[in-house]
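So the protein sequences, as listed, match chains Y and Z. Plus 8 on top of the position in the first sequence (first one is 1) and you've got the working numbering. Plus 2 on top of the position in the second sequence (first one is 1) and you've got the working numbering. Cβ atoms here follow ideal geometry from the backbone N, Cα and C, with glycine treated the same way. Predicted, not measured: the structure shown is a model, and the values here were computed from it. Here the structure is laid out as structure tokens; the discussion comes afterwards.
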Amino acid sequence: MLSIGLNHYLLLSAFLFATGACGVFINHKNITAMLLSVELMLVSVSLNLVAFSCFHNDLTGQVFAVFILVAAVAEAVVGIAVFIIYFLNHKSIEAENMSGLKG
Amino acid sequence: MFTAMVFLPLLGALIAGLCYFYKKVAFSKFITCFCVGIATILSVFVLYEVVFLEASQVIEIAPWISVGSFKVVWSFNFDVLSVVMVSVIIWISFLVHVFSIGFIEKSYTVPSFMSYLSLFTFFMLVLVLSDNLIQMFFALESACLVSYFLIRCGNDREAVEKAALKSFLINRVGDIALIVGIFAVYNLFGSFNFAEILQNAHKHADSSITVICLLFLVAAMVKSAQIGVHTWLVDAMEAETPVSVLVHSTAIAGAGIFLVARMFPMFELSQTSLTVMIVIGGATAFFAAASACVQTDIKRVMAFSNISQFGLIFVAFGVGGVRIAIFYFIIHSISKSLLFLGVGSAIHALSNEVDLRKMGGICRQVKLTCVLMWVGTLTMIGFPFLSGYYSIGTVMEAVYSYKGWEGTYSFILISMTVFLTAFYLGRLMFMLFHGEQHGDEKVMAHVAESPFTILFPLLLLAVGSVFSYCFICECFVVDKLIGALFFLVPLFGIFNAYVLYLKKPNIPEAILNKFKNTHGFLLNGLYFDKLYEHVFIRPVYAFGNVLLNKVEAFLSTDSCICKIFAGTSYNIRKLHSGFVYHYALAMIVGVTVFVLWYISVEVLL
């Protein structure tokens, strides 16, 4: 019987993080999907924290994870609000058209 | 009570500062005098408690810096030295406040002037009460800054601004020495606390102690305007008279004295620094006294007199130690403030005339000022049984009994200084009050005794300068031989002045014409200003001109540097694609590289 240890959690978290990162870099079209990918990365980090907190018998990590979740929610709200305003102004939220920062 | 005494002047300064915005001139005068007055009364109790009941104490106000083992605390150290300095500063500050009420004419800057005076007093109190070097440095810098404001206050003539800037800049030279000295102390002792430093001073090598002492000595020299760096104090006489009295004859110069007094147990360990102190102090005392004899601006006479007296105090430190020097400093502050405020009163009576040659013969109109100033003069020159007799006598005795060539050197110079002091003070008195009237008729018609607020400080100071020695130390006994000598020398000096300036006024001019070079040399303060102009100011201007005309001209035209910048920025611009995911990728790659680098360093080492 295989018991689930710290390593498994870390592997899962790394996989989730890599997925999120790829979602941000490879996806050139959908800005909403990029936001979701960022959320995924945050969740993976929280998972890391919770896993370590169980491993060390220290509640701080879990408390911190809750804070991260709250921050992630707030960030998603702000992000979506920005997209809506952007859509109202530009009639599109294609990521490839957003290059106002070009030097 | 102890803390209230220190913070009352600050309170007064803040309220007077607010008065500036509401244009309440009279109230600002009242509130600053009131606060400083209360503080003065408290200082008497503090003096009694600390000196006579021997209840020294350290009061911690608040923590300041606390980084690991590096700790600095705001605290007030009430011991005999600091309390004596506090008493001197706060009394003179109070009298100067009262004096300013009558002296400063109605103008829109009065509230800020009074506010600066009080603020300056506060910083001086913090300075002398500090028990660590950092707090002392902070207070010293603040006091210098406020003194800069004080010099400029209410006066926008170009000469005043230049003088203010000059005193500020020259003081920075000393501060660099001071801050390097503080670093050296921390490096050697690991502490800024005076008590700890002085306790452990004897455990360290002579050479390092000597270096630290010399650095502190340079700082004290600049503050006390010793020879070579005295130029700031002479020019600072452009300020209003009350400022000159408080800032330039008592406080800032006293800060230098205090610095040496505080660190004196360390100076005692280094014979070199004591010798340097004696040599510089002696030279300063003599040359400044000689310069004072030829000045025609009455305030410059006082400035050189200050410098000369501070040189004497340095000699007193070198030959006799803290007690004698501080005793001398106290008596000097009282009698010099009396003289200086008297000069202010005379200037006030003469409608701001400062040229000695246009004065004279006003003793009938300003009898009280004249009498009080004679008291001050006699004290300063050490007339028997006035305070000055005892202070000069003790210094002379210490000098006389000091072994080695330093003793002989300083004995000769100080004897001549005492003679010259009597001479130039006599000259000042005779030219100011006696003889014929030289002023124009308009000014002379308005000569009248000053108001009560100006005379009250003079009266108090006159009483102080006659009797103050009774309260300070009865243990000073003047040697009979020295006493006789220093009874005769000042009298001879004043007699000379009487003959030259009252009986035979044509002799000084004849002497002047014969020794034109010496006269110019002394009149211009030994040409140190010229020296600095040629050594420092002109090269800096020349260097600036080269930068402006050659280097900048080269850079700003179509040279290679312009092209390099343009080309580089054109290429770097391409990195900014404007796509969010490019930036995110760069971020992730960067973080990864840093993490890998960190891990590899951790693993490899």
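DSSP beta-bridge partners of residue i
| i | result |
| --- | --- |
| Asn38(Y) | Glu102(Y) |
| Asn195(Z) | Asn134(Z) |
| Asp299(Z) | Asp357(Z) |
Cutoff 7 Å; reference residue i; Cβ partners in own chain excluding five residues on either side
| i | result |
| --- | --- |
| Leu514(Z) | His521 |
| Val85(Z) | Val48, Leu49, Val52 and Val53 |
| Val249(Z) | Phe122, Ser149 and Leu152 |
| Phe435(Z) | Ile364, Cys365 and Cys372 |
| Leu14(Y) | Ala59 and Phe63 |
| Tyr529(Z) | Phe523 |
| Glu270(Z) | none |
| Ser193(Z) | Ile199 |
| Ser54(Y) | Ala73, Ile76 and Leu77 |
| Ser210(Z) | Leu190 |
Pairwise C-alpha distance: residue j and residue i
| i | j | result |
| --- | --- | --- |
| Lys506(Z) | Thr396(Z) | 35 Å |
| Leu57(Y) | Phe72(Y) | 8 Å |
| Cys365(Z) | Val345(Z) | 13 Å |
| Thr5(Z) | Ser117(Z) | 20 Å |
| Met375(Z) | Lys26(Z) | 34 Å |
| Leu119(Z) | Gly104(Z) | 15 Å |
| His1(Z) | Phe432(Z) | Given a span of 3 to 607 for chain Z in the structure shown, any question on residue 1(Z) remains unanswerable. |
| Ala18(Z) | Ile280(Z) | 43 Å |
| Phe458(Z) | Gln297(Z) | 29 Å |
| Gly258(Z) | Ala221(Z) | 7 Å |
| Phe454(Z) | Leu460(Z) | 10 Å |
| Ile315(Z) | Phe556(Z) | 55 Å |
| Phe140(Z) | Val368(Z) | 43 Å |
| Ala89(Y) | Lys37(Y) | 19 Å |
| Glu143(Z) | Gly390(Z) | 32 Å |
| Ala79(Y) | Val86(Y) | 11 Å |
| Ser11(Y) | Leu44(Y) | 31 Å |
| Ser226(Z) | Leu235(Z) | 9 Å |
| Lys444(Z) | Ala450(Z) | 13 Å |
| Ser169(Z) | Glu240(Z) | 11 Å |
| Phe421(Z) | Phe72(Z) | 51 Å |
| Tyr402(Z) | Thr410(Z) | 8 Å |
| Lys516(Z) | Asn508(Z) | 13 Å |
Expected contact under 8 Å - CB spacing of residue i and residue j to nearest Å
| i | j | result |
| --- | --- | --- |
| Ala400(Z) | Ala253(Z) | Incorrect: roughly 26 Å between the Cβ atoms, too far for contact. |
| Ser293(Z) | Leu524(Z) | 5 Å |
| Ser310(Z) | Ala285(Z) | Ser310(Z) to Ala285(Z), Cβ: 11 Å. No contact. |
| Gln137(Z) | Val74(Z) | 7 Å |
| Leu135(Z) | Ile67(Z) | Not really, about 12 Å apart at Cβ, beyond 8 Å. |
| Phe96(Z) | Gly39(Z) | 6 Å |
| Ser467(Z) | Ile336(Z) | 5 Å |
| Gly69(Y) | Met49(Y) | That pair is no contact at about 17 Å. |
| Ile349(Z) | Tyr471(Z) | No, Ile349(Z) and Tyr471(Z) are not in contact; Cβ-Cβ is about 29 Å, not under 8 Å. |
| Leu131(Z) | Ile328(Z) | The pair is not a contact, with the Cβ atoms about 15 Å apart (cut-off 8 Å). |
| Val582(Z) | Ala103(Y) | 7 Å |
| His206(Z) | Leu190(Z) | 6 Å |
| Asp357(Z) | Asp299(Z) | 6 Å |
| Thr277(Z) | Glu408(Z) | 6 Å |
| Leu10(Z) | Cys37(Z) | 5 Å |
| Ser412(Z) | Val321(Z) | 6 Å |
Residues of its chain near residue i, where Cβ-Cβ distance is below 6 Å and the 5 sequence neighbours each way are ignored
| i | result |
| --- | --- |
| Tyr22(Z) | Pro113 and Ser114 |
| Glu476(Z) | A caution first: Glu476(Z) carries a pLDDT of 48, below 50, which makes its placement in the model too unreliable to give a value. |
| Val377(Z) | Ala464 |
| Leu493(Z) | none |
| Gly384(Z) | Gly390, Tyr391, Ile394, Phe488 and Pro492 |
| Ser339(Z) | Ile94, Val247 and Leu463 |
Same chain, Cβ closer than 8 Å to residue i, neighbours up to 5 away in sequence not counted
| i | result |
| --- | --- |
| Asp81(Z) | Val52 and Ser58 |
| Phe95(Y) | Ile101 |
| Phe342(Z) | Thr243, Ser246, Val247, Ser251 and Met304 |
Next on the checklist: At 4 residues or longer, what runs of the alpha helix (DSSP H) sit wholly inside the segment 11-81 of chain Z?
Outcome noted: Here the runs fully enclosed are 27-49.
Item to check | Every unbroken alpha helix (DSSP H) within the segment 307-356 of chain Z, with a cutoff of 4 residues, ordered by chain | outcome: With a minimum length of 4 residues, the continuous alpha helix (DSSP H) runs that stay inside the segment 307-356 of chain Z are 324-351.
Checklist entry - Where are the alpha helix (DSSP H) runs, 4 residues long or more, that stay fully inside the segment 547-577 of chain Z, in chain order? => result You should have 554-558 and 562-575.
Item to check | Uninterrupted alpha helix (DSSP H) stretches inside the segment 370-408 of chain Z (no shorter than 4 residues) | outcome: You should have 389-402.
Checklist entry - Hey, which unbroken runs of the alpha helix (DSSP H) at 4 residues or more fall wholly within the segment 39-71 of chain Y? => result If we require 4 residues or more, the alpha helix (DSSP H) runs fully inside the segment 39-71 of chain Y come out as 39-64.
Item to check | Start-end ranges of the alpha helix (DSSP H) lying completely within the segment 211-287 of chain Z, minimum 4 residues | outcome: Every alpha helix (DSSP H) stretch that sits fully inside the segment 211-287 of chain Z and reaches 4 residues is listed by chain position as 233-237, 254-264 and 266-270.
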